[in-house]
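First up is the structure itself, then whatever we jot down about it.
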Amino acid sequence: MSMRNVVHEDAGMDSGIATPTSREQLWALLAEAAEIEHHLMCCYLYAAFSLKEHADEDLTDVELAAVQRWRKEIFAVAVEEMGHLAIVCNILSALGAPAHFVHQNFPVPAGYHPSGVVVKLSPFEPATLAHFIYLERPADAEILDGAGYEPARRYARALDMDRLMTVCTDYNTVGELYQSVEAGLQFLCDAFGESALFVGDPQHQLDAETTRLPGLVPVRCIKTALAAIDAIVVQGEGAKACGGDSHYQRFLRIQREYDALLVSRPAFKPARMNAYNPVMRPPPTPEGKLWVSEEPAAALLDLGNALYNHCLRCLSLAYAGVDRPTQTTLVSATIDLMHLLTPVATMLGRLPANPSAPDATAGLSFATIRTSAALPAEAASLDILVERLAQFTARCERLGTQYPELAPLLDATRAGTQRVANRIAQAAAESREGQPKAATASAPPTNDRPPAPRAPPQPVADGNGVEIIPGSEIDLVYEGKRCIHARHCVLGQPGVFKANVEGPWIDPDAASTEDLVTVAHMCPSGAIRYRRHDGGAEEAAPPINLVQLRENGPLGIRADIVLDGTRIGMRAVLCRCGASKHKPFCDGSHNEIHFRASGEPDTVESQPLAARGGPLRVDPEIDGPLVVTGNLEICCGTGRTVNRVTATRLCRCGGSSNKPFCDNTHRRIGFRSEG
Numbered sequence: 001m002s003m004r005n006v007v008h009e010d011a012g013m014d015s016g017i018a019t020p021t022s023r024e025q026l027w028a029l030l031a032e033a034a035e036i037e038h039h040l041m042c043c044y045l046y047a048a049f050s051l052k053e054h055a056d057e058d059l060t061d062v063e064l065a066a067v068q069r070w071r072k073e074i075f076a077v078a079v080e081e082m083g084h085l086a087i088v089c090n091i092l093s094a095l096g097a098p099a100h101f102v103h104q105n106f107p108v109p110a111g112y113h114p115s116g117v118v119v120k121l122s123p124f125e126p127a128t129l130a131h132f133i134y135l136e137r138p139a140d141a142e143i144l145d146g147a148g149y150e151p152a153r154r155y156a157r158a159l160d161m162d163r164l165m166t167v168c169t170d171y172n173t174v175g176e177l178y179q180s181v182e183a184g185l186q187f188l189c190d191a192f193g194e195s196a197l198f199v200g201d202p203q204h205q206l207d208a209e210t211t212r213l214p215g216l217v218p219v220r221c222i223k224t225a226l227a228a229i230d231a232i233v234v235q236g237e238g239a240k241a242c243g244g245d246s247h248y249q250r251f252l253r254i255q256r257e258y259d260a261l262l263v264s265r266p267a268f269k270p271a272r273m274n275a276y277n278p279v280m281r282p283p284p285t286p287e288g289k290l291w292v293s294e295e296p297a298a299a300l301l302d303l304g305n306a307l308y309n310h311c312l313r314c315l316s317l318a319y320a321g322v323d324r325p326t327q328t329t330l331v332s333a334t335i336d337l338m339h340l341l342t343p344v345a346t347m348l349g350r351l352p353a354n355p356s357a358p359d360a361t362a363g364l365s366f367a368t369i370r371t372s373a374a375l376p377a378e379a380a381s382l383d384i385l386v387e388r389l390a391q392f393t394a395r396c397e398r399l400g401t402q403y404p405e406l407a408p409l410l411d412a413t414r415a416g417t418q419r420v421a422n423r424i425a426q427a428a429a430e431s432r433e434g435q436p437k438a439a440t441a442s443a444p445p446t447n448d449r450p451p452a453p454r455a456p457p458q459p460v461a462d463g464n465g466v467e468i469i470p471g472s473e474i475d476l477v478y479e480g481k482r483c484i485h486a487r488h489c490v491l492g493q494p495g496v497f498k499a500n501v502e503g504p505w506i507d508p509d510a511a512s513t514e515d516l517v518t519v520a521h522m523c524p525s526g527a528i529r530y531r532r533h534d535g536g537a538e539e540a541a542p543p544i545n546l547v548q549l550r551e552n553g554p555l556g557i558r559a560d561i562v563l564d565g566t567r568i569g570m571r572a573v574l575c576r577c578g579a580s581k582h583k584p585f586c587d588g589s590h591n592e593i594h595f596r597a598s599g600e601p602d603t604v605e606s607q608p609l610a611a612r613g614g615p616l617r618v619d620p621e622i623d624g625p626l627v628v629t630g631n632l633e634i635c636c637g638t639g640r641t642v643n644r645v646t647a648t649r650l651c652r653c654g655g656s657s658n659k660p661f662c663d664n665t666h667r668r669i670g671f672r673s674e675g
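Residue numbers for the sequence shown follow the UniProt record's numbering, so the first one is 1 and each next one is one higher.
Laid out in C-alpha cells, this is it:
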C-alpha cells in the first residue's frame, strides 16, 4: 500500500523530508518501505483467513454471502499489496541491491516503524476493519484508528541522514517515506549520473507477464523509478480524491455492510476467534502474544510457516539473475504455494491454540527464518528448493497418519507440493542440459502385413490410468482420461481400434508399424502414443510449437510438452471452458455447458521467434491459468498465426474477456481447478 496517510502523531517531530545522500541510505529507506508493504499484506491475509466459511458456523445465508464477498475483497487488496512490494523490490534491484522479502516477526516491536504505525495480526472484527480503514484513508480524511491499535509508547527516530551507517528516519506519514525515496533518487541521480545509479540488470526484475500483477514493469532509469513510486501512490490511498476502487473505499463498503448486518442481528460474528499475534514458541515477553502449543495446531502452524517461507525463497531466487523460463517457474511456484497455504492457514483458525486461552483458535504467524537470503542463480539452488519441497511432502504424509481428521487437507497439500517440486526439478534439468538434442529422423517404414488373426492382447497397467498394449514391433500406449473422442483411431485403423467391444479392444499387430505411427500422430489429445522396439525412432518433437484454438472448444497443443514438470508427449488437448472433470485435460464438457469462445481471435502484432521449437512448459496454476513457458505460436482454427510468444498465461476458467489469454477473471469468479 502507499500509506501516504499513516500519520505519526508526535507533534514534536520535525516535518521536514529527509533526503538520502548515499546509495546505502536509499537502500535502507526502500527496505523499510518493502517491510511495511509486506507487513500490511500479512495483516490483511490473516484477517481474511479468520473469516468463517460455512452456514453451520452460526451464519445466516445472507451473512454467509457477505462474508464470502469480504474474504474475496480482502484477498484482492492483499494481492495488490504484493504488487506494491514487487515494485519496491524492482527499484532495489535497479539500484544494485537484492530484493527485500524479509521482515520483522509479528507483533512488530516499538521502534521498528514510527510510533504511529502499529502492526499486529488480528482476526477480522470491527476494530481490525477500522484499523485497515485508518491505514488506507486519504490524506484529507479525519478518521480515528481502531480500538486497541494505539501505540504502546510515543517516540521519535533519528532524522539525520549525514551518517555513513543507515539510520531509521522518522516521517509524519509513510507517504513522506516515499517522498524521501524520490528525493534520494533525484539527489543521487544528479550526483552520480543516471547510468552510474541504475546499475542493476532489468532482466533480474519481475514484470506483469511473469507475476500476473498488472502494471508491474522493470525499472531502468530515473523516469521509470519515479513512475513506479507513483504507481504505488495512485493505486494506494495517498491522493486526496480517493476513487471507488481504492483500498480505502473498498474497506469502507465492507464496514457499512458489516454495520448493517450487526443492526439486523447484533450477535453476528463473521470470524472465528483466531489468536492475536500467534507465535510458534514460548515468548520471553508474552504480552500481546499467544503461543500455539496445542496439537495438531502447532504442527500445522509449522507446516504453514514453512510453506510461506518457501514462497519467499522462490521469489528471492526469481530476482537473483536466473534465466527467464526459470524465473517464470519460480514465480508460478510461489503462486501455487500461496494457494496451498490458504487452506492450511484457514484450518488453523478452527483448531484450539493453547489451554490457557480456551476460546482462542490458532492462526498463521508468518514467522520468517534467519537464513532467508537469496540463493545463487544456479541449478543447484533449484535442487535445494526441490529438496525442501520433498520434506514438506514427507511431513504431510506423517501428519496425515497422526491426525486423520486433517488427512484430506494434508493429502491435497502433499500432492500440490509434489507438483511444484516436479516443475522446479524440470527447470533444474533444463538449466543444466540446455535445449535437448533434436530427435533422430524416423526410420523407414516397415513392410505392410495383413491383420493378425487373433484376439487383441491384454493391456498392461502402467500407473495413473495409462495402459500399455504390447505388440510384436511396437507397443501402443493408451491414456483414457486424455481422450476427446476425435475418432481418428477407430475410423483410420478400425482393425486395430475395435469400437463397441467388451474387454481388450486395441490390437497393435493388426496393422503395420508405419500405419500405427501415423494414426498415433493424428490423435490430437495424445491419448494414443507408442513405444517402439523395432529399432525405429520414437516420436520426434515438432519443429514448431503450436497451440490451436478450437472454436467454442479446448486448446490443442503440439510440442514437446512438459506438464507440471513431467514430459507427457507431443500432443495434448487442454480445457479452457473451466468445466472439465479431468483438468487440465479436456473431457468434452465444453459441449455440455455450451461454452462460447472464438477460434478466430484478432491477430496480435508479434515478431518471428528466433527459435520455434524446444520444450514447452505448461504449469497449471492452482485456481488460475495455464502458465506457459517456451517458444510458442498461437494459431486459430484455420491456421492463421494469432501471436508468437515465449511466455504467456492462457485462460482456463472460461471467463476471460481477452481469450485465449488470462485477464485474471478467475480471481473474480472464484474458479477452482480441483473438484
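Every residue, glycine too, gets a C-beta built ideally from N, C-alpha and C.
Treat the numbers as computed from the prediction; the structure is a model and nothing was measured.
Terminal residues of the continuous beta strand (DSSP E) containing residue i?
i	result
Y530	I528 to R532
V118	Where V118 is concerned, there is no enclosing beta strand (DSSP E), given that its DSSP letter is neither H nor E.
E479	I474 to E479
residue 676	A question about residue 676 goes unanswered here, because the residues of the chain that appear run from 1 up to 675.
R649	T641 to L650
V167	Unbroken run through V167: none, as it is neither H nor E.
T566	T566 to L574
I469	V466 to I469
Just how far apart, CA to CA, sit residue i and residue j?
i	j	result
residue 697	W70	This structure cannot speak to residue 697, because the chain is shown only from 1 to 675.
R256	A407	39 Å
A239	V573	Low per-residue confidence applies at A239: pLDDT is 49, beneath 50, and the placement is therefore not dependable, though the value from the model is reported in the following sentence. Taking the straight line joining both Cα atoms gives about 48 Å.
R640	A559	18 Å
D663	V604	16 Å
G363	A130	21 Å
I229	V167	21 Å
P625	D302	29 Å
H54	D507	52 Å
Q391	G304	13 Å
F198	T285	43 Å
R529	G614	19 Å
A610	D564	25 Å
D259	R567	54 Å
D245	T60	28 Å
A33	P151	19 Å
V344	L337	11 Å
D534	N464	26 Å
R672	G654	11 Å
E57	E378	49 Å
M82	H38	7 Å
T446	P456	Any answer about T446 is weak, because its pLDDT of 48 lies below 50 and its placement is not dependable; what the coordinates show is given next. Computed Cα separation, rounded: 21 Å.
L252	I143	12 Å
D448	V477	Model confidence at D448 stands at a pLDDT of 49, short of 50, so the residue's coordinates are unreliable; what they give is reported in the following sentence. Those two C-alpha atoms are separated by around 21 Å.
N658	M280	45 Å
Who does residue i pair with in a DSSP beta bridge?
i	result
F101	Answer is none; F101 lacks a bridge partner.
W505	None, per the DSSP bridge assignment.
F661	L650
E633	L546 and R644
P270	In DSSP, P270 forms no bridge with anything.
I557	V547 and A572
P620	L626
Along the chain, where does the alpha helix (DSSP H) that runs through residue i open and close?
i	result
N305	A297 to A318
N422	A407 to E433
V77	D61 to A94
A47	R23 to S50
Q255	H247 to S264
E514	T513 to M522
residue 695	In the structure as shown, the chain starts at 1 and stops at 675, and residue 695 therefore has no counterpart that could be examined.
D383	A379 to Q402
C489	H488 to G492
H54	Premise fails: H54 is in no alpha helix (DSSP H) and is neither H nor E.
A208	A208 to T211
Review point. Any chance the region 15-34 sits against the region 174-186, with 3 or more Cβ pairs inside 8 Å?
Key: yes
Point to revise | contact_flag[the region 342-362, the region 273-287] where n(CB pairs < 8 Å) is 3 or more | key: yes
Review point. Using 8 Å as the threshold, is the region 111-124 in touch with the region 200-219, meaning 3 or more CB pairs across them?
Key: no
Exercise for review: Could you say if the region 532-545 and the region 580-597 meet the contact criterion of at least three C-beta pairs nearer than 8 Å?
Suggested key: no
Practice item. State whether the region 86-97 contacts the region 196-210, with contact taken as three or more CB pairs (one from each stretch) at a distance under 8 Å. Key: yes
Review point. Taking contact to mean at least 3 C-beta pairs separated by less than 8 Å, is the region 305-321 in contact with the region 399-406?
Key: no
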